[in-house]
Every structure is written in structure tokens, then in C-alpha cells.
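First comes the structure, then the notes that go with it.
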Amino acid sequence: MSAAGAVPDPGIDAMRAIMQWPDKTMIAVDFDGTLAPIVDDPDRAFGNPRAIAALGRLGGLGLTIAVITGRPARTVVRLGRFTSVPGLRNMIVLGQYGVERWDAATGEFSIPPEPDGIAALTDEVDQLLASLDLSEARLEHKGRAIGVHTRELPDPRAAFETLLPRLNDLAERHRWAIEPGKNVIEIRAPGMDKGVALRSLIEETGVRQVIFAGDDLGDLPAFRMVEHLRAEGFPGLLVCSASHEEDALTEISDLIVSGPDGVAEWLGRLADSLAARRS
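Per the working numbering, residue -10 is the first one in the sequence shown, and the count goes up by one each step.
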């Protein structure tokens, strides 16, 4: 509770609730840029071992652990190497913004079929890149989405700014969604975002407070959902994994850390504090 006359701080109130009831707390995190570094080759974006180990400790202390990512669930489970961490036996991974799912408890994946039109959309993206002399941009085929990465091009930012309005037009014509990120633009099937996915998971698990950590514009719906839940009296803590490439989340975050290394350090400190309180 805040002192009489003081302005309530939702982040501090959330931390008090988390410390008091860790077994009623969910910690949900993005993957790329939060648990894993942003690298040139997305297939080599392995989870930060210290961050994954800290999540395992938190899971062992009773917290519900979830990853909500724009990546396919199978890819994130492989890159995160979650299956070898004892404290993550009940972890849930929601991929493709919540459309796909992996449950550690059963080891089973729920992967809907690819949407109609993905092949035609891919062909149009290829043609667009060729027409702009940007064929060297890396394409990431995600089944329900296409990521266009400019990071490896000679001028990544200029290529990004050239592509964004054109890919936006293409997405609108196909009635698909577009997600700009850190030197990547993703076109994906509509109908789901991380905010919807987060609220659904909260309702399913029955937790009483939530931590969400993210780094990019794709995480903004989850941040907004936490703000909405806080307005309803549901404690929530917002953690930004900050970088020089994106600052969209910093002004609305309760805590700002420096990239996946900062996330790992903070998760470790949280686990230390909860373990000390328990003992």
C-alpha cells in the first residue's frame, strides 16, 4: 500500500505483491532481444545461459514461467534449450504471438497449419526486394510470417526506412499485420498479438500478478495489456530490455536493464531475493 497522500507507484506495488506471493506470480518474457541477443543470423540467437538458469531458479521457487514470442515455438524451444533446465518443467512457450504453443510438462507442441496466401506473399516480398536492389536482405520464413532483416546490409537503417512503407502497403493489400523491429520488418497473419496472448495465459493459470519483459515494438501490446490490468487492480511489473536500436518501451517501463545481459542479472537478483525470503 502507498503512504497516505503519496502517488501510487504500480511498479513498487507489483514488486511487493511478487515478493509476498511468488507462487501466484507469472513472469512472461519475450525471446529475441530479451532472453537472447540480437544477432545477424536469427538461427544462431541462442538464449543467454544465465537468463535461462535464472528463469529455472524462479520456476523452482514457484513462479509460473512463460515465453511469448513472435518466433515459431519450435525455434524458440531449440534456441532457448529450455528442456534441460529442471525448474522449467512447467514452462509454457507461446510462439507466433500466441498462435503456437509448447508445454514443457508434456513436451507437446500445438502448431496450427500455415495460413492461405503465405506462398504468394513470399513471392511478392522477393519481387519487391529485387526491384529495390535489396535482394541481399535476409528473409526469415516463419510459417505464419515473413521476417525481412536488413541488419547485414551495407546501410541497415536506410534499407529499413526504404522497405517499411512498401512492405506496409503490401501487408495492407493482403490484409496481414506488420511488425517493425530492430532492423527487421515482419509481415504476419492477423488476429493475435502478445497482449491478447498474455491476458489469455493469465486467465488460464489463475496467477494474481505478472511481470512482463520485452525489448521491441512487438512487445508493446503486452505492455499495454499490463497497464490495462493494473488499472483493474491487477499488479504488474514492466521490464524493458533496452538497446541503442529501440527506445519505444523505455518511457512506459518500471525497470530498464541493458539488454539480455541486464535481464539475466536482474532475474538472478530476483531469484536471490525470493530464495532469501523463503529461507
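For each residue, glycine too, the CB sits at the ideal point set by N, CA and C.
Whose CA, out of the options, lies closest to the CA of residue i?
i, options, result
"Pro179", "Arg5, Gly106 and Gly225", "Gly106"
"Gln29", "Ala126, Glu103 and Arg90", "What sits at residue 29 in the sequence shown is Asp, not Gln. Answer by Cα proximity: Ala126."
"Met80", "Thr95, Gly184, His130 and Gly195", "Thr95"
"Gly207", "Met4, Pro11 and Phe20", "Phe20"
"Val246", "Thr23, His217 and Ile174", "Thr23"
"Leu140", "Gly170, Ala134 and His130", "The residue you asked about is not Leu; residue 140 is Arg in the sequence shown. Closest option to Arg140, Cα to Cα, is Gly170."
"Gly136", "Glu168, Leu218, Ser73 and Ile16", "Glu168"
"Glu193", "Ala55, Gly36 and Leu263", "Ala55"
Rounded to a whole number of angstroms, what is the C-alpha to C-alpha distance between residue i and residue j?
i, j, result
"Pro(-1)", "Glu221", "12 Å"
"Thr151", "Pro249", "29 Å"
"Ser120", "Val114", "10 Å"
"Phe223", "Gln198", "6 Å"
"Leu47", "Ala260", "6 Å"
"Leu256", "Gly49", "13 Å"
"Met4", "Arg162", "44 Å"
Is it buried or exposed for residue i, if we count other Cβ within 10 angstroms and need 16 for buried?
i, result
"Pro143", "exposed"
"Ile7", "buried"
"Asp236", "exposed"
"Gly195", "exposed"
"Ser242", "buried"
Is residue i helix, strand or coil by DSSP?
i, result
"Glu168", "strand"
"Phe149", "helix"
"Ala178", "coil"
"Leu238", "coil"
"Val252", "helix"
"Phe212", "helix"
"Val185", "helix"
"Gly195", "coil"
"Gly222", "coil"
"Ser230", "strand"
"Ser268", "coil"
Can you find a C-beta in chain C that's less than 8 Å from the C-beta of residue i?
i, result
"Asp236", "Going by chain labels, chain C is absent from the structure shown, which holds only one protein chain."
Open item on the list: What ranges does the alpha helix (DSSP H) occupy inside the stretch 33 to 110, keeping only unbroken runs of at least 4 residues that lie completely in it?
Closed with: If we require 4 residues or more, the alpha helix (DSSP H) runs fully inside the stretch 33 to 110 come out as 38 to 49 and 62 to 69.
Open item on the list: Please give me, in chain order, every unbroken run of the alpha helix (DSSP H) with length at least 4 that falls completely inside the stretch 107 to 145.
Closed with: If we require 4 residues or more, the alpha helix (DSSP H) runs fully inside the stretch 107 to 145 come out as 107 to 120.
Task: Secondary structure, beta strand (DSSP E): runs of 3+ residues fully inside the stretch -2 to 32 - done: Those beta strand (DSSP E) runs which fall completely within the stretch -2 to 32 and span 3+ residues are 14 to 18.
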